[in-house]
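In the working numbering, the protein residues as written are 300 to 362.
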Amino acid sequence: MNSKYTAFRCPEDLLEKAKIRAKRERRSLSNYLITLIDKDVAGMVDLGKEEVGMARGKLNGES
300 MNSKYTAFRC PEDLLEKAKI RAKRERRSLS NYLITLIDKD VAGMVDLGKE EVGMARGKLN
360 GES
C-alpha cells in the first residue's frame, strides 16, 4: 500500500482522546487512525475516476 502525507483539522479534545487510545493499544496515532478509517470504508466499492475527481473538488472548496 502506498502512503501519502495529508493534514487535516481536528478538535483538540478529540485528538487527545485518539492519542490516549492509540497509546493504550501500543500503536502510533497514524496507524490507529488509518485502521479506523479502513474499517469505516471497508464495505465501499472502488470509486470511479469521476467520483474521485468530484470528491477532490469538494475537498478543495470547489462546487
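Cβ atoms here follow ideal geometry from the backbone N, Cα and C, with glycine treated the same way.
Treat the numbers as computed from the prediction; the structure is a model and nothing was measured.
State the CB to CB distance for the pair residue i and residue j, rounded to an integer number of angstroms; the pair is presumed to be in contact (CB under 8 Å).
| i | j | result |
| --- | --- | --- |
| tyrosine 304 | alanine 317 | At roughly 18 Å, the Cβ-Cβ gap does not stay under 8 Å, so tyrosine 304 and alanine 317 are not in contact. |
Excluding the 5 residues preceding and the 5 following residue i in the sequence, name in chain order all residues of the same chain whose CB lies nearer than 8 Å to its CB.
| i | result |
| --- | --- |
| threonine 334 | Arg326 |
Which value, in whole angstroms, describes the spacing of the CA atoms of residue i and residue j?
| i | j | result |
| --- | --- | --- |
| serine 329 | lysine 338 | 14 Å |
| glutamate 315 | lysine 322 | 11 Å |
| glutamate 311 | isoleucine 336 | 19 Å |
| phenylalanine 307 | valine 344 | 24 Å |
| alanine 341 | asparagine 301 | 17 Å |
Given residue i, which residues of its chain have a CB within under 7 Å of its CB, disregarding the five upstream and five downstream residues?
| i | result |
| --- | --- |
| leucine 320 | Before going on, a small fix: residue 320 reads as arginine here, not leucine. Excluding positions up to five away in sequence, the list reads Tyr331. |
Is the CB of residue i under 8 Å away from at least one CB in chain D?
| i | result |
| --- | --- |
| asparagine 301 | No chain D is present in this structure, which holds just one protein chain. |
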